[in-house]
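A short write-up of the structure that comes next.
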Amino acid sequence: MTSPHEEENPVVLLTGNTWHIVEHSRRSAAALCGQAIGERRAHARLKQVGAANLCPRCLKLFQGDERRDA
Ligand SMILES: [Zn+2]
878 MTSPHEEENP VVLLTGNTWH IVEHSRRSAA ALCGQAIGER RAHARLKQVG AANLCPRCLK
938 LFQGDERRDA
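For the sequence shown, the positions run 878 to 947 when the working numbering is used.
In structure tokens:
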């Protein structure tokens, strides 16, 4: 039952009271939006926490990340 579409369900880290998307799970020092991950209170997957609980900037960057190389 493992989904092959991990790209649609990235790792998220809880820092402060907000979930942020990170690219490399626990290794990432900063979230997608640039927020430094100072404290890793928890980690999960996007679909576990729900988009409504996610940092809106991370969510927007994630959804808009479709390789716009000219
Ligand atoms: Zn963020």
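Where a beta carbon is used, it is the ideal one built from N, C-alpha and C, also for glycine. Everything numeric in this text was worked out from a predicted model, so none of it was measured.
Original post:
Going along the chain, which residues of its own chain have a beta-carbon closer than 6 angstroms to the beta-carbon of R922, five neighbours each way excluded?
Top reply: N886
Subject >> Residues of its chain near I895, where Cβ-Cβ distance is below 7 angstroms and the 5 sequence neighbours each way are ignored >> reply: A small fix is needed here, since residue 895 is Thr in this sequence, not Ile. Here the set comprises C932.
**OP:** Tell whether a beta-carbon distance below 8 angstroms holds between T892 and G915.
**Re:** yes
Original post:
Is it right to say A908 is buried, meaning 16 or more other beta carbons lie within 10 angstroms of its own, or is it exposed?
Top reply: buried
**OP:** Enumerate, from N- to C-terminal direction, the unbroken beta strand (DSSP E) stretches of 3 or more residues contained entirely within the segment 896-941.
**Re:** 919-922
**OP:** Just mark H901 as buried or exposed, buried being the case when its beta carbon has 16 or more other beta carbons within 10 Å.
**Re:** exposed
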